[in-house]
Amino acid sequence: MSGTLLLPKGEGPFPAFILLHGSGPETRSAFTAKRYVRRFVAHGISVLHYDKRGAGKSSGDWMASDYYDLARDAAAGIALLARRDDIDSQAIGIIGFSEGGWTGPLAATLSEHAALLITVSGPPMSPREQGAFELEVELRGRGASPDAISEAVALYHKRWNVLKSDEGWDELDQAIAAARTTSWYELAGRPERLDPANRRSQWYARVMDYDPVPALKSLEIPALMLYGAADPVVDAKRSSNVIRELVDTEKKSFTVHIYPNVGHNLTTNGFSFPSDHWDRIFSWIAGQSPKQ
Numbered sequence: 073m074s075g076t077l078l079l080p081k082g083e084g085p086f087p088a089f090i091l092l093h094g095s096g097p098e099t100r101s102a103f104t105a106k107r108y109v110r111r112f113v114a115h116g117i118s119v120l121h122y123d124k125r126g127a128g129k130s131s132g133d134w135m136a137s138d139y140y141d142l143a144r145d146a147a148a149g150i151a152l153l154a155r156r157d158d159i160d161s162q163a164i165g166i167i168g169f170s171e172g173g174w175t176g177p178l179a180a181t182l183s184e185h186a187a188l189l190i191t192v193s194g195p196p197m198s199p200r201e202q203g204a205f206e207l208e209v210e211l212r213g214r215g216a217s218p219d220a221i222s223e224a225v226a227l228y229h230k231r232w233n234v235l236k237s238d239e240g241w242d243e244l245d246q247a248i249a250a251a252r253t254t255s256w257y258e259l260a261g262r263p264e265r266l267d268p269a270n271r272r273s274q275w276y277a278r279v280m281d282y283d284p285v286p287a288l289k290s291l292e293i294p295a296l297m298l299y300g301a302a303d304p305v306v307d308a309k310r311s312s313n314v315i316r317e318l319v320d321t322e323k324k325s326f327t328v329h330i331y332p333n334v335g336h337n338l339t340t341n342g343f344s345f346p347s348d349h350w351d352r353i354f355s356w357i358a359g360q361s362p363k364q
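Here is the structure:
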């Protein structure tokens, strides 16, 4: 893995956070992540951010990996931080963006040194469920009726079930033929058979039914989960309900907040964060650790 460790000015040892990627071939140069890096370092927190395996200068292949593999990469980064004299091994946190909401909790369960977790638009439901929500939002925005949305989502699940099981192709072809006659088929992007030879489809079929709740139940560290009410990718309301239920039933030290009027990156117009965003994060961190 190839990454960069940025240290604040002054004398260490410093608290540290490791940044975990969103989906796809993410690298340390991702614009949103770099904004967090600058803020954290300016606040006296060192940051390790790295290229996902198979992206940038990191070796490997993220499309041959699952979330456990990516979490092990993160846990290795945490172990590296903990060995350094200029890092406080008792004050190492994880911040995960989107997909990092799946890999972050897993990494925390794999590391004895992970002390805090922050997720940004991290869905506490499976990728399959998240994908269905994204399709629903897209179709609703294009004027599809509730019945049309239900039919489109049913076909979404059928297409992936057939790809995963390699069974039911004839039945799927019939369902697609019927869908072509509907009002929603064009709105849904003209869904057809998924290609079993497509590597990205193979990867998604491998991870799409990952259940993140067991890892969240296993967490024994404080966590801050942040969402945007206008997120078209992750269901903020449902996500917050899942987190709050874990707080109530599992007595977890989780804090959840939904920002109004912002999307997946917690920004408006792709750039501006809510006015209280950074204060919320750093106040929360300070509340978990007397050193901050």
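Note that the numbering used here gives residue 358 to position 286 of the sequence shown, counting from 1, and the numbers run on in steps of one. Each residue gets a CB set at the ideal place from its N, CA and C atoms; glycine is no exception.
Check: Residue range of the beta strand (DSSP E) that includes THR253; Outcome: Where THR253 is concerned, there is no enclosing beta strand (DSSP E), given that its DSSP letter is neither H nor E.
Check: DSSP-derived helix/strand/coil call for PRO362; Outcome: Note that PRO362 scores a pLDDT of 42, beneath 50, so its modelled location is shaky; the value from the coordinates is reported in the next line. Of the three classes helix, strand and coil, the one that applies to PRO362 here is coil, per DSSP.
Check: Under 8 angstroms between C-beta atoms of LEU178 and ALA143; Outcome: yes
Check: Closest residue to GLN246 among ASP238, TRP256, ALA260, ARG231 (Cα-Cα distance); Outcome: ARG231
Check: Cβ-based neighbour list, GLY335, same chain, cut-off 7 angstroms, excluding 5 preceding and 5 following; Outcome: GLY300, ALA302, ASP303, PRO304
Check: For VAL192: DSSP bridge partner residues; Outcome: PHE169, LEU298
Check: Supposed close pair ALA226, LEU259 - CB separation, criterion 8 angstroms; Outcome: About 15 angstroms; that fails the 8 angstroms criterion.
Check: Backbone CA spacing between ALA204 and MET135 [nearest angstrom]; Outcome: 21 angstroms
Check: 8 angstroms contact criterion, which ASP267 and SER273 should meet: CB distance rounded; Outcome: 6 angstroms
Check: Where VAL209 falls: helix, strand or coil (DSSP); Outcome: helix
Check: Distance CB(ILE353)-CB(ILE190) smaller than 8 angstroms; Outcome: yes
Check: ASP348 versus GLY116: straight-line alpha-carbon distance, rounded; Outcome: 19 angstroms
Check: Where PRO87 falls: helix, strand or coil (DSSP); Outcome: strand
Check: Candidates HIS229, GLY94, TRP241, LYS106, of which the one nearest GLY33 by Cα; Outcome: As shown, the chain starts at 73 and ends at 364. That puts residue 33 outside it, with no answer to give.
Check: Inter-residue Cα distance where the pair is LEU120 and THR99; Outcome: 12 angstroms
Check: Cα-Cα separation between ALA224 and TYR257, rounded to whole angstroms; Outcome: 8 angstroms
Check: Other residues of its chain near ALA148: CB distance less than 8 angstroms, five sequence neighbours each side excluded; Outcome: MET73
Check: N-terminal and C-terminal residue of the alpha helix (DSSP H) that HIS229 is part of; Outcome: 218 to 237
Check: Element boundaries [alpha helix (DSSP H), containing ILE330]; Outcome: First-last for ILE330: 326 to 331, but that is the beta strand (DSSP E), not the alpha helix (DSSP H).
Check: With 16 other Cβ atoms within 10 Å as the buried cut-off, status of ARG125; Outcome: buried
Check: Residue-level contact to chain B via CB, LEU189, 8 angstroms cutoff; Outcome: This model lacks chain B altogether, as it is built from one protein chain only.
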